[in-house]
Amino acid sequence: GQQVMQIPQYQHVQEGEDFTTYCNSSTTLSNIQWYKQRPGGHPVFLIQLVKSGEVKKQKRLTFQFGEAKKNSSLHITATQTTDVGTYFCAGDTGTASKLTFGTGTRLQVTL
Amino acid sequence: DAGITQSPRHKVTETGTPVTLRCHQTENHRYMYWYRQDPGHGLRLIHYSYGVKDTDKGEVSDGYSVSRSKTEDFLLTLESATSSQTSVYFCAISEGRQGNAEAFFGQGTRLTVV
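Protein sequences, first through last, are from chains A and B.
Be aware that the first sequence starts at 513, since it is given in my numbering, and climbs by one per residue.
Be aware that the second sequence starts at 35, since it is given in my numbering, and climbs by one per residue.
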């Protein structure tokens, strides 16, 4: 079945440093979504990417969908303590009404 | 936050007992999902529903059943709870099929099987 892996599993940064998480799918995706889960909270939708090579920005967050539509990345510029949480990608192959979530990257930011 | 409520929020149960978790939505969304979240595994889909009485299995459906008798409620039943089913369970809803639409998650239910 489809597998979606994320690296790294965990990253600890100093506030102000940049952060990137990578998402890789075993199969070609029709689109990809990103979610953020704060500690003790529930996943919250951030963005959806659909087109090959697509890049979207939300303030300090930059999302990219690979040309082959099998990978994606989330880059945070100048992290803040409010960025703490686990970031999940979720891929859709377009063949079923469901997403396959990645394993997540937990981000810790300290002052 | 979307109108989605999970109950109970916390439950401790004994091995071998049946357990039912409830997801209630006020958004009239067609699609509803049950996930479990475990360290190192992310979110794994248990079952989902694409309409009243229309359900399908996810990747970790063994030992679980679901029912959806009306649009707003999606029930997850552990027929005979086992310790391996200790987890945090999330319900999610989406207006369109999940690949095309944003999913809204409930607050989660922490289930402990002793």
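We treat Cβ as the ideally placed atom computed from N, Cα and C, and that holds for glycine.
What you are looking at is a predicted structure, and each value in this text was computed from that prediction instead of being measured.
Taking the Cα positions, S564(A) is about 16 Å away from Y534(A). Think of a sphere of 8 Å around the beta carbon of F124(B): the chain A residues whose beta carbon falls inside it are H554 and P555, in chain order.
Residue contact with chain B for G578(A): absent (no Cβ-Cβ distance below 7 Å to any residue of chain B). In this structure, D604(A) lies near S542(A), with their beta-carbon atoms less than 7 Å apart.
If you check each beta-carbon in the segment 527-549 of chain A against every beta-carbon of chain B, the ones closer than 7 Å belong to S542 and N543.
Within the model, the alpha-carbon separation for Y84(B) versus L573(A) is close to 32 Å. When DSSP states are grouped into helix, strand and coil, S118(B) belongs to the helix group. In terms of Cα proximity to R64(B), the closest of H81(B), T49(B) and V86(B) is V86(B). With fewer than 16 other Cβ atoms inside 10 Å of its own Cβ, G130(B) counts as exposed. Rounded to the nearest whole angstrom, the CA to CA distance from K569(A) to F531(A) is 14 Å.
In this structure, the alpha-carbon of T617(A) lies about 18 Å from that of V122(B). Secondary structure of D595(A) (DSSP, three-state): helix. The closest CA to that of W68(B), considering only E61(B), G142(B) and S118(B), is found on G142(B). Among the residues facing chain A, Q59(B) is not included, as its CB has no counterpart in that chain under 7 Å away. Taking CB atoms only, Q40(B) has no neighbour in chain A less than 7 Å away. Within the segment 562-576 of chain A, contact with chain B at the beta-carbon level (separation under 8 Å) is assigned to no residue. Selection Y98(B), L79(B), T120(B) and S41(B) evaluated against T612(A) yields L79(B) as nearest (Cα-Cα).
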